[in-house]
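As structure tokens, the structure follows; a few thoughts come after it.
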Amino acid sequence: MGNGFERLAILMCPPDYFGIEYEINPWMSRSRQSDHDEAVRQWQALREVFDRLGVDIREMEPKPGLPDLVFTANAGLIHRQTVYLSRFRHAARQGETPLNKEWFESAGFEPIELPEGFDFEGAGDALFCGETLFAGYIFRSHANAMQWVGDQIGCRVIPLQLVDERYYHLDTCFCPLDAETAIYHPAAFDDYGRSALEAAVPKLIAVDPVEAQRFCCNAVVIGRHVVLNTGCPLLEQSLHDIGFDTTATPLDEFLKAGGSAKCLTLRLDGEEAAVWSG
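The numbering of the sequence shown is numbering that gives the first Met the number 0, which starts it at 0 and goes up by one.
The following block contains the structure:
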């Protein structure tokens with residue numbers, strides 16, 4: 000594994016304090032609260048899927064007052080034994096960063112903080128496909144922050160402007176499956192972004208717009224297995240057609256906060272599509 004793990008490793012945070020306490024994306028409404036007991040059941044079912052797939056699950060301790068700590072994908076961007084810590088745009092999430100830093104240090108990672116003035120929300124907006132770092136920007140992350148990270152790593156960065164606030168992070172509308180294949184929701188990107196993706200990713204699969212709203216792109220790839228929210232049969236068939244297995248598990252309570260399977264996880268050993276992780 001790219002980070003020295005003996006097997007696939009994912010960081011998760013139990014949803015003990017998860018809830019809609021503020022509104023920072025179009026999915027969130029304090030008048031439409033998550034059912035806490037159901038959220039716990041859905042999170043546990045997702046964890047059990049990973050257990051069956053042989054994943055090494057590491058857990059971060061949840062904290063009151065930080066309901067979105069459950070979305071560990073936003074903790075930072077992993078590259079080998081280094082983690083580039085998120086610098087959250089919204090004050091409501093900024094309290095997560097010290098806890099994330101403490102956890103990564105205890106796990107043997109070297110945490111790197113971005114310079115002041117750079118908004119950066121980790122693996123929510125920065126995803127490797129092959130040797131290239133695809134970087135979503137405008138709603139949560141700055142393009143220059145992504146370029147700074149790319150310069151530190153020494154990799155090519157392709158900035159992708161997001162144009163639909165419902166898809167406020169790149170991982171809500173783009174999911175690399177391997178070094179040459181990805182799924183995406185075209186309408187979430189501007190014309191340049193669509194053209195850049197088409198030019199850079201040899202096998203690019205557009206998802207159904209209705210399934211995009213089920214956050215079908217917010218999926219977790221474990222080898223040739225894709226874990227995603229329920230209600231995405233068209234994508235599941237497309238994935239089966241190109242040799243992937245799928246497991247759908249309900250995550251609607253987290254969709255109320257603008258998250259799904261990928262948001263709830265952070266690969267610690269390197270994403271499947273990242274060439275360096277092998």
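Using N, Cα and C, we set each Cβ at its ideal position, and we do this for glycine too.
In terms of alpha-carbon separation, which member of the options lies closest to residue i?
i	options	result
Arg213	Asn73, Ala272 and Cys172	Cys172
Ala272	Gly222, Gly230, Phe253 and Leu238	Gly222
Ala91	Arg79, Asp150 and Tyr21	Tyr21
Cys216	Pro201, Glu235 and Pro158	Glu235
Ala186	Leu196, Asp163 and Ala198	Asp163
Gly75	Val200, His35, Ile157 and Trp102	Trp102
Pro63	Gln43, Cys231 and Leu98	Leu98
Under the DSSP definition of a beta bridge, which residues are partnered with residue i?
i	result
Thr264	Note: Thr264 sits in no beta bridge, so no partner.
Gly57	It is Arg, not Gly, that sits at residue 57 in the sequence shown. Leu10, per the DSSP bridge assignment.
Val225	Val220 and Thr245
Val69	Beta-bridge pairing links Val69 to no other residue.
Asp190	Answer is none; Asp190 lacks a bridge partner.
Tyr183	Phe173 and Ala205
His78	Thr81
Ile19	Answer is none; Ile19 lacks a bridge partner.
Leu234	For Leu234, which the question treats as bridged, DSSP gives no partner whatsoever.
Thr131	Cys128 and Arg155
Leu161	Phe188
Tyr136	Gln160
What distance in whole Å lies between the Cβ atoms of residue j and residue i, which are believed to be in contact at a cut-off of 8 Å?
i	j	result
Tyr167	Gly257	7 Å
Leu286	Ile111	Since the displayed the chain opens at 0 and closes at 277, residue 286 lies outside it and no answer follows.
Ser33	Ile19	6 Å
Asn73	Gly123	5 Å
Leu169	Cys154	Actually they do not touch by this definition, with Cβ atoms about 16 Å apart.
Phe299	Leu159	Any answer about residue 299 is impossible in this case: the structure gives the chain only from 0 up to 277.
Thr71	Leu265	4 Å
Glu60	Phe87	The Cβ separation is near 19 Å, so there is no contact.
By Cβ distance, which residues of its chain are closer than 6 Å to residue i, with the 5 residues on each side in sequence left out?
i	result
Val69	Cys12, Pro14 and Phe17
Val148	Tyr83
Ile152	His78
Val226	Val48, Val219, Thr246 and Ala260
Gln41	Pro249, Leu250 and Glu252
Asp189	Gln160 and Val162
For residue i, which three-state DSSP category applies?
i	result
Gln32	coil
Met0	With a pLDDT of only 46 at Met0, under 50, the local geometry of the prediction cannot be trusted, and the value read off the model is given with reservation. Reduced to three states, the DSSP call for Met0 is coil.
Ala205	strand
Arg155	strand
Phe87	coil
Pro14	coil
Phe117	coil
Glu270	coil
Gln93	helix
Gln146	helix
Glu112	coil
Gly123	helix
Gln291	In this structure the chain extends from 0 to 277, so residue 291 is not present and cannot be described.
By Cβ distance, which residues of its chain are closer than 8 Å to residue i, with the 5 residues on each side in sequence left out?
i	result
Met0	Only weak support exists for where Met0 lies, its pLDDT of 46 falling under 50; the value from the coordinates is given anyway. Arg6, Leu7, Ala8, Asp268, Gly269 and Ser276.
Leu233	Val206, Asp207 and Glu210
Asp240	none
Quick one: residues in its chain with C-beta nearer than 7 Å to the C-beta of residue i, no 5 flanking neighbours on either side, listed in chain order?
i	result
Ser28	Ile19 and Glu22
Ser237	Ile204
Phe138	Leu161, Glu164 and Tyr167
Ala178	Cys128, Gly129, Ala272 and Val274
Thr81	Phe108, Glu109 and Ile111
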